[in-house]
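Protein chains: 2
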Amino acid sequence: MQFQLTDMLVEQVKHFVLNQDDKALKNLLSEYHYADIAEILDELNLDDSVYVIKLLDSETTSDILMELDEDNREKVLKNLSSKEIAEEVEELDTDDAADIIAELPEERQAEVISKIEDAEHKAEIEELLAYDESSAGGLMAKELVKVYETWTVAGCLRRIRGQARDVTRVHSIYVVDKQEKLIGRLSLKDLIVAKSEQKISDIYITNVDFVNVDEDVEEVAKVMAKYDLEAIPVVDENQTLLGRITIDDIIDVLREEADKDYQLAAGITQDVEADDSILQLTKARLPWLVLGLFGGLGSVFIMQGYENIMATVPSLFFYTPLIAAMAGNVGVQSSAIIVQGLANNNVKGSLINRLLKEVGLSLINGFALALLVMLFGYLVGQNTTESLAIAVSMMSVIVVAALVGTFVPIILDKRGIDPAIATGPFITTSNDILGIYLFFVIAGKIIGF
Amino acid sequence: MQFQLTDMLVEQVKHFVLNQDDKALKNLLSEYHYADIAEILDELNLDDSVYVIKLLDSETTSDILMELDEDNREKVLKNLSSKEIAEEVEELDTDDAADIIAELPEERQAEVISKIEDAEHKAEIEELLAYDESSAGGLMAKELVKVYETWTVAGCLRRIRGQARDVTRVHSIYVVDKQEKLIGRLSLKDLIVAKSEQKISDIYITNVDFVNVDEDVEEVAKVMAKYDLEAIPVVDENQTLLGRITIDDIIDVLREEADKDYQLAAGITQDVEADDSILQLTKARLPWLVLGLFGGLGSVFIMQGYENIMATVPSLFFYTPLIAAMAGNVGVQSSAIIVQGLANNNVKGSLINRLLKEVGLSLINGFALALLVMLFGYLVGQNTTESLAIAVSMMSVIVVAALVGTFVPIILDKRGIDPAIATGPFITTSNDILGIYLFFVIAGKIIGF
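For the protein sequence lines, the chains are A and B, in the order given. Quick note: the first sequence, position 51, residue 51 per full-length UniProt numbering, numbers continuous. Quick note: the second sequence, position 419, residue 419 per full-length UniProt numbering, numbers continuous.
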């Protein structure tokens, strides 16, 4: 029952396209969900994709377009006329319609909008395009089912039959007063269970969650996840009902957010995929590598300063990659836990307690690792003072690295900067330099140079 | 309108608990959503939390329990009698009820189950407890609205009024035949829009997505996200309808998955939070640090082998942290992109193409970085042959690190191992050793030692 994208299926589609066997092609594709057809099209070349899009009716192709890989969608849209795009847009819900139009080059946007025939749909799309992409307004759809508190259940059912035809899924019915102010909600279930002569004002639920149209989408996602909401109404500052956001859009927000944080932690600055071009991948990867390079060159400087002890305690130099690695690893661990905690709102308590905890934790870890280093030194017959100096200074480096990893994200967060940028290369690089510097300073005190 | 957890609110609750002012406490908390009350309880000590839980009615507290931090829930449950837990469980949907019971120590599970009064609820919970936690069966609830194809719309509406009272949200109405086999679906909207004398068999939609009860939850999440489903029915191998999974549970799966991958990439082996105990955090962090330590000790060995050239080309040793950092960073970047691509199913095409692409990409990055190293060498007046040797060997290390970062996850994935473990410390450590070894070998060839 589950769809499997096979080479055979792709070949079959290509074959029908090549022979312009429209009937067979339509027949074949009619069996598949639009999301599956989008997967097939992502495997075709541009001309073949455009051929399929032009062949199928716009009710299906509009949904397919939304599911295509963003790069492919851009290319396909370039090959459609403004009139054709407008036809696709007519079929989409206002939120998806606005998203598609927002992706077009600016000069084409007005052209496509002018060709939308349904005046109401057009006005709603224009309204949505005005909101910031990362705000609730940029995510919401205008399609919703709305009833007035003065209606009866029977009248309500009759009238929402009309509204509901335009709405793919009815999550909640929003109740408004005469001024279009949101005052409550109802579920279809409540309506069905109620008696037909009852008034809406007698049965609606006044306790309704909502978000302001300017709210950040990540905040909206948090609210919806916390309260297990499948849709949330969006209002302006007068509480006027403007639209609604559904959970499927929130899932996309959550996934993008998780992907972005993961990439940031890995030192990738832009949203890229494995199949992007070499140029795009280089642009996303090179900046952090250059930062790492400067960090490494900093270590070169520090170590050059100790060149005179190379002859007497060469072993210190052999340990520098180990010290850098431990400083980096500890810093990344600490920062990852804090960044996640900040994202999930569970970093509580005072900074002093957190400081003490992190010091305690890194002392335990550091002590265990220091013992292993001493053991290694003993096994390879290293001078005991040197082993001790290395072990103790490594331990200090670990404590400092843990503190840097913990407090840099907290400080960034307090200043309103996304703490996720503090994990990965940024922490690794600063901890590398700091760690190597501390290592030589502390080992120097112990050995005496 | 949005809930803000303030110290004042927490103090007020503590105050009412201390004075056992039950009426004021009930009154105060009645204004808040159960998810908000759970946040308040997470701030109280255990005794106070238990006091509040015992005070409020089980309809509210069962939901609060589900929202509590897992550690706190465990402690609270320890302080409730089996009878009290059974009462909470009676109020919960079967999926949540089974989750709560599964968290109890084994010896208490049977005791709590035996005290559930509703025989049907009890049987359903026992059925759910038998499924693997990470399978569709472990995630599904038994609550759903089911109609037989032979019913009429009017009869259907009448009967689902009864079923719907037990179901928090009606997503879809599932249509079954006489043998309870899932044959289609209907939305409440379809039912409302239809004429009351029509038969279900005339109006239901045969095209229904479903998952097998043994399907992995991550696979279920992918299917639901792809097809924008808000609920999906679960069937056995005979297509018998067993339960349904709703999107709010999938959101939790997606978040846990993202958190786990993020932590793995940061070298944290268990699911931990910033506020976990030092011991738990040590257990999660120390293993990877020990691995990193062994890697570092490996580098010590390699460098000791080159001790004899320390006097002639000391600068090589100054560059080892830089080489290790570049090898680590490049490896983490490559592996993160591949791991994400594998998770999102967009790593396509042949391995040869991917190899060529990764070599090309790392040559471009490596060349740019090598130029910077040459420039640095020139500025600090370093011997040109040495600078060249360092730059060229660094470039080779970058290419190799990128290949390791790309292909280790792919190979793990092909062998059925979660590729996410290959990012972070694992790749960093192996690339550190390999990088330093290659660096000395290649630089040796160029300088001639």
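Just so you know, even glycine gets a beta-carbon here, dropped at the ideal spot from N, CA and C.
Assignment of D190/B by DSSP, reduced to helix, strand and coil, places it in the helix class. In the displayed model, L281/A falls within a helix according to three-state DSSP.
Shown here, D216/A sits in a strand according to DSSP, grouped into three states. Collapsing the DSSP output to three states places Y51/B in a helix. The shortest CA-to-CA distance from A194/B to any of R158/A, F318/A, P409/A is the one to R158/A. With respect to the 7 Å criterion, I398/B and M326/B are classified as neighbours on the basis of their beta carbons. Contact check for T240/B against I338/B fails: the beta carbons are separated by 7 Å or more.
With at least 16 other beta carbons inside 10 angstroms of its own, G138/B counts as buried. In the three-state scheme derived from DSSP, where H, G and I count as helix and E and B as strand, V112/A is classed as helix. For G377/A, the nearest beta carbon of chain B is not closer than 7 Å to its own beta carbon. Here the stretch 126 to 138 of chain B makes no contact with the stretch 179 to 199 of chain B; the two share fewer than three CB pairs at distances below 8 Å. Flagged as an interface residue toward chain B: Q304/A, by a C-beta distance shorter than 7 Å.
Collapsing the DSSP output to three states places G416/A in coil.
In this structure L291/A is not in contact with T423/A, their Cβ atoms being roughly 14 Å apart against a cut-off of 8 Å. Considering only beta carbons, the part of the stretch 267 to 285 of chain B lying closer than 8 Å to chain A consists of G267, I268, V272, E273, A274, D275, I278, L281, T282, R285, in chain order.
The C-alpha of A401/A is placed about 56 Å away from the C-alpha of N207/B. Around L342/B, the same chain offers P409, I410, D413, P419 as residues with beta carbons nearer than 8 Å, after the five sequence neighbours per side are excluded. In this structure, DSSP gives L29/B a helical state, which the three-state scheme calls helix. Using a C-beta cut-off of 8 Å, the stretch 431 to 444 of chain A makes no contact with the stretch 270 to 287 of chain A, since fewer than three inter-stretch Cβ pairs fall below that distance.
Annotation: the continuous alpha helix (DSSP H) that includes K14/B extends over 7 to 18. Exclusion of the five residues before and after I125/A leaves T94, A97, A98 as the residues of its chain whose Cβ lies within less than 6 Å of its Cβ.
Using a Cβ-Cβ cut-off of 7 Å, F367/B does not count as an interface residue toward chain A, since no Cβ of chain A sits closer than that to its own. One thing to note: I203/B has its Cβ no nearer than 7 Å to the Cβ of Q333/A. Per the Cβ contact rule, the stretch 381 to 399 of chain A is in contact with the stretch 314 to 331 of chain A (3 or more Cβ pairs under 8 Å). Residues of the stretch 318 to 335 of chain B with a C-beta atom less than 9 Å from some C-beta of chain A are F318, Y319, T320, P321, L322, I323, A324, A325, M326, G328, N329, V330, V332, Q333, S334, S335, listed in chain order.
Interface with chain B (7 Å Cβ-Cβ cutoff): P425/A is included. Considering only Y319/B, L289/B, I436/B, the residue with the shortest C-alpha distance to A370/A is L289/B. Under the Cβ criterion (8 Å, minimum of three pairs), the stretch 246 to 262 of chain A counts as touching the stretch 217 to 234 of chain A. Following the DSSP letters along the chain, one finds L241/A inside the beta strand (DSSP E) bounded by residues 241 to 246. Beta bridge pairing from DSSP links T152/A with K199/A. Neighbourhood of P314/B in chain A, by CB distance below 7 Å: E307, M310, in chain order. With respect to chain A, the C-beta atom of I100/B has no partner C-beta closer than 7 Å. In chain order, N329 make up the part of chain B whose C-beta sits under 7 Å from the C-beta of W288/A. Closest by C-alpha distance to L316/A, out of E90/A, V213/A, S387/A, L403/A, is S387/A. For a Cβ distance threshold of 9 Å, residue set A225, L254, A258, N344 of chain B lies close to R255/A, ordered along the chain. P425/B carries a helical assignment under DSSP once its states are collapsed to helix, strand and coil.
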